[in-house]
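Accompanying notes for the structure given below.
The following block contains the structure:
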């Protein structure tokens with residue numbers, strides 16, 4: 001444990017030194033650590049992310065601005081969640097030694113039992129999450145509903161994100177601030193379907209109709225962004 005802490009401190013200190021050098025040598029950086037215009041923010045594409053662990057160790061903050069989220073539209077509410085239980089568990093006991101998360105940030109809550117099958121909701125305690133991605137990698141064995149996102153109220157929106165630089169799959173993008181997130185492609189489609197279903201069932205309930213329209217608009221923004229990225233990557237491949 002001590003070696004892991006030392007390694008993290010070394011990586012963080014190295015990132016800070018690199019940032020200080022850039023600060024001294026760049027007039028543009030003197031203006032502040034914010035990126036080019038506050039209308040753009042850093043975010044990562046969960047469909048490209050491999051949960052390599054770099055998000056936890058390369059952020060300039062002591063605790064990474066990258067956190068796990070759980071897309072409930074994709075979640076199976078599993079009794080045996082591979083994003084919660086450590087691989088090779090012997091019993092479904094919620095003791096710390098059986099949990100995948102090293103900080104206990106994944107919270108398991110019983111929801112209901114149907115035809116003998118128990119269902120649980122899994123939420124993320126954001127202040128405890130260090131962005132290591134262990135739960136994400138485990139969840140990928142099942143529905144893949146857990147994934148990492150930049151938390152904008154923590155992120156400094158640096159000109160050059162040290163995590164993005166270290167990302168092996170180039171999963172980080174600059175996106176419009178109003179977009180905020182990058183959903184998984186499957187998550188956006190599931191959200192769109194839920195919105196359509198809500199709208200069909202809403203009847204004259206204006207509040208329900210408004211919520212359904214908001215869901216569909218959110219999903220549409222995500223799918224439009226992905227279509228644009230697909231187009232750009234296609235052009236690069238041809239060029």
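In our numbering, the protein residues as written are 1 to 239.
Even glycine gets a Cβ: it sits at the ideal position worked out from N, Cα and C.
Contact set for residue i: own chain, Cβ-Cβ below 7 Å, skip 5 residues either direction
i	result
residue 202	208, 209, 212
residue 112	119
residue 154	61, 65
residue 77	111, 119, 120, 121
residue 55	64, 66, 131, 133, 148, 163
residue 176	39, 40
residue 143	74, 75, 76
residue 24	Since pLDDT at residue 24 reaches only 36, below the 50 mark, its modelled position is unreliable, and the value read off the structure follows with that caveat. Same-chain partners within the cutoff: there are none.
residue 221	179
Proximal residues to residue i (C-beta, below 6 Å), its chain only, five neighbours per side dropped
i	result
residue 223	188
residue 36	Residue confidence is low: residue 36 scores 49 on pLDDT, short of 50, so the model does not pin down where it sits. No coordinate-derived value is stated.
residue 240	An answer regarding residue 240 cannot be provided, because it is not within the stretch 1 to 239 covered by the chain.
Burial state of residue i (16 or more Cβ within 10 Å)
i	result
residue 117	exposed
residue 82	buried
residue 182	buried
residue 184	buried
residue 160	exposed
residue 73	buried
residue 138	buried
residue 233	exposed
residue 141	exposed
residue 104	exposed
residue 57	buried
residue 195	buried
residue 157	buried
residue 238	exposed
residue 43	buried
Residue from the options whose Cα sits closest to the Cα of residue i
i	options	result
residue 151	199, 65, 221, 143	65
residue 92	100, 80, 103, 101	80
residue 125	106, 115, 134	106
residue 84	135, 40, 59	135
residue 229	171, 193, 206, 204	171
residue 108	200, 115, 123, 169	123
Close-in-space but distant-in-sequence residues of the same chain around residue i (CB under 8 Å, 5 per side omitted)
i	result
residue 86	97, 98, 99, 100
Whole-Å CB distance - residue i paired with residue j, under 8 Å assumed
i	j	result
residue 218	residue 191	7 Å
residue 129	residue 52	So it is not a contact: roughly 16 Å between Cβ atoms.
Would the region 147 to 159 and the region 39 to 52 be scored as touching if the rule is three or more Cβ pairs under 8 Å?
yes
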